[in-house]
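Visitor: Here it is, the structure, as structure tokens.
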Amino acid sequence: MPRSGFFITFVNVATIVIILLTAAVSVFAFYGGLDIHGLKFNAYAIWHRRQWYRMLTYGLVHGGWGHLIFNMLTLWFFGPLVEDGFAALFGEVGGPIVFASMYVSALAVSTVGDLLKYRNDPYYNAVGASGAVSAVLFAAILFQPRMGIFIMFIPIPVPAWLFAPLYLVYCVYMARRNVDNIGHSAHFWGAVYGLVFPILCYPGIVTWCLSQLHLL
């Protein structure tokens, strides 16, 4: 992996298209233009009725404006970094394709755990792109492990290499407590997938990441 000029500027087509599509579908659903119930992740419907499309469409709808804005802002901040990184590796055309492939597959992969856990519960539903957004965030950390990440109510940026393990531990802890209505399991597996996918595509990224941390 080249160490000079690695991050280059492209028009981040994939990131923009994903944001616009997700925002449009979510807003239409907010105002009754779409049947959100037919798009939700419902493990029972997926497992027993073979409605596999729900493992993707749930990421197009959100539980409210705050949920949508938070996810899309996170994607806006970190998506271009990852898309540019893939473009540097796979070309100006290949990069956006690889990025979009990671995002879409992360929607499905991040829900596999909940699918198996809640497959016999017809009342378990989930919406939102958080699993895929977590994948993008962690792929960004892999590309730039020394960048700072701002967390709500903390006035200084947290180094990405420190944020990553803390985030994973938090997701596991909250998933076990199960005291809120947030899919912490999907966040966890999405984040893990955001590390695994780039490595499978280009194993040399591990060396790049370690070199940025001065571990090589």
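Residue numbering for the sequence shown follows this note's numbering, beginning at 316 and increasing consecutively.
Don't be surprised by glycine CBs; every beta carbon is placed ideally from N, CA and C.
Look at residue 358 and residue 422 and say whether their C-beta atoms are less than 8 angstroms apart.
Guide: Taking the first residue of the sequence shown as position 1, residue 358 is located at position 43. Taking the first residue of the sequence shown as position 1, residue 422 is located at position 107. Taking the C-beta atoms as reference points, residue 422 is found no nearer than 8 angstroms to residue 358.
Visitor: Between residue 343 and residue 349, which are expected to be in contact by the criterion C-beta below 8 angstroms, what is the C-beta distance as a whole number of angstroms?
Guide: The residue labelled residue 343 in the question sits at position 28 within the sequence shown. The residue labelled residue 349 in the question sits at position 34 within the sequence shown. Indeed they touch by this definition, with Cβ atoms about 5 angstroms apart.
Visitor: Taking the alpha helix (DSSP H) that residue 391 belongs to, which residues open and close that run?
Guide: The count along the sequence shown starts at 1 and reaches residue 391 at position 76. Per DSSP, residue 391 belongs to the alpha helix (DSSP H) from 380–424.
Visitor: In the DSSP assignment, find the unbroken alpha helix (DSSP H) run with residue 525 in it and report its ends.
Guide: For the purposes of this step, residue 525 is identified with residue 210 of the sequence shown, where counting begins at 1. Unbroken alpha helix (DSSP H) run through residue 525: 520–527.
Visitor: Give a yes or no on whether the C-beta atoms belonging to residue 447 and residue 393 are separated by under 8 angstroms.
Guide: The residue labelled residue 447 in the question sits at position 132 within the sequence shown. The residue labelled residue 393 in the question sits at position 78 within the sequence shown. No, these two residues do not count as a Cβ contact at 8 angstroms.
Visitor: Do residue 404 and residue 508 have their C-beta atoms closer together than 8 angstroms?
Guide: Here residue 404 is taken as the residue at index 89 of the sequence shown, counted from 1. Here residue 508 is taken as the residue at index 193 of the sequence shown, counted from 1. No, these two residues do not count as a Cβ contact at 8 angstroms.
Visitor: Can the beta-carbon of residue 419 be found closer than 8 angstroms to that of residue 504?
Guide: Sequence index remark: in the sequence shown, residue 419 carries index 104 (1-based). Sequence index remark: in the sequence shown, residue 504 carries index 189 (1-based). At least 8 angstroms separates the beta-carbon of residue 419 from that of residue 504.
Visitor: Output the distance between the C-alpha atoms of residue 361 and residue 432, rounded to the nearest integer angstrom.
Guide: The residue given as residue 361 occupies position 46 in the sequence shown. The residue given as residue 432 occupies position 117 in the sequence shown. Distance between the alpha carbons of residue 361 and residue 432 is about 12 angstroms.
Visitor: Which stretch, first to last residue, makes up the alpha helix (DSSP H) that contains residue 432?
Guide: Translated into the one-based positions of the sequence shown, residue 432 becomes position 117. Counting along the chain, the alpha helix (DSSP H) containing residue 432 begins and ends at 427–432.
Visitor: Helix, strand or coil for residue 501, going by three-state DSSP, please let me know.
Guide: Within the sequence shown, numbered from 1, the residue matching residue 501 stands at position 186. In the structure shown, residue 501 sits in a helix (DSSP, three-state: H, G or I).
Visitor: Rounded to a whole number of angstroms, what is the C-alpha to C-alpha distance between residue 440 and residue 476?
Guide: Along the sequence shown, read from residue 1 onward, the residue named residue 440 stands at position 125. Along the sequence shown, read from residue 1 onward, the residue named residue 476 stands at position 161. So the two alpha carbons sit approximately 33 angstroms from each other.
Visitor: Since residue 337 and residue 417 should fall inside the 8 angstroms C-beta cutoff, what is the C-beta to C-beta distance between them, to a whole number of angstroms?
Guide: Sequence index remark: in the sequence shown, residue 337 carries index 22 (1-based). Sequence index remark: in the sequence shown, residue 417 carries index 102 (1-based). Not confirmed; about 15 angstroms, so no contact.
Visitor: Quick check on residue 444: does DSSP put it in helix, strand or coil?
Guide: Here residue 444 refers to the residue found at position 129 when the sequence shown is read from its first residue. Reduced to three states, the DSSP call for residue 444 is coil.
Visitor: Given a cut-off of 8 angstroms, decide if residue 376 and residue 354 are closer than it, judged by their beta-carbon atoms.
Guide: Locating residue 354 in the sequence shown gives position 39, where the first residue counts as 1. Locating residue 376 in the sequence shown gives position 61, where the first residue counts as 1. Yes, Cβ-Cβ distance for residue 354 and residue 376 is below 8 angstroms.
Visitor: Which word fits residue 352, buried or exposed, when buried means at least 16 other C-beta atoms lie within 10 angstroms of its C-beta?
Guide: Residue numbering aside, residue 352 sits at position 37 when the sequence shown is read from its first letter. By the 10 Å Cβ count, residue 352 comes out exposed.
Visitor: Assuming residue 483 contacts residue 506 under a Cβ cut-off of 8 angstroms, what Cβ separation, rounded to an integer in Å, is found between them?
Guide: The residue labelled residue 483 in the question sits at position 168 within the sequence shown. The residue labelled residue 506 in the question sits at position 191 within the sequence shown. Sure, about 6 angstroms apart at Cβ, within 8 angstroms.
Visitor: Looking at residue 374 and residue 443, is the spacing between their C-beta atoms short of 8 angstroms?
Guide: Walking along the sequence shown from the start, residue 443 turns up at place 128. Walking along the sequence shown from the start, residue 374 turns up at place 59. For residue 443 and residue 374, yes; Cβs fall inside 8 angstroms.
Visitor: As a quick exercise: from 356, 526 and 339, pick the residue whose alpha carbon is nearest that of residue 438.
Guide: Counting from one through the sequence shown, the residue named residue 438 turns up at place 123. Nearest option by C-alpha distance: 356.
Visitor: Taking its Cβ as the centre, do 16 or more other Cβ atoms sit within 10 Å of residue 380, making it buried, or is it exposed?
Guide: Here residue 380 refers to the residue found at position 65 of the sequence shown. Result: exposed.
Visitor: Return the chain-ordered list of same chain residues with a C-beta closer than 8 angstroms to the C-beta of residue 527, the five sequence neighbours on each side being excluded.
Guide: Translated into positions along the sequence shown, residue 527 becomes position 212. 459, 460 and 461, listed in sequence order.
Visitor: So what's residue 318 in DSSP terms, helix, strand or just coil?
Guide: Translated into positions along the sequence shown, residue 318 becomes position 3. In this predicted model, residue 318 has a pLDDT of only 38, less than 50, meaning its place in the structure is not dependable; the value taken from the coordinates is given anyway. Note: residue 318 maps to coil in three-state DSSP.
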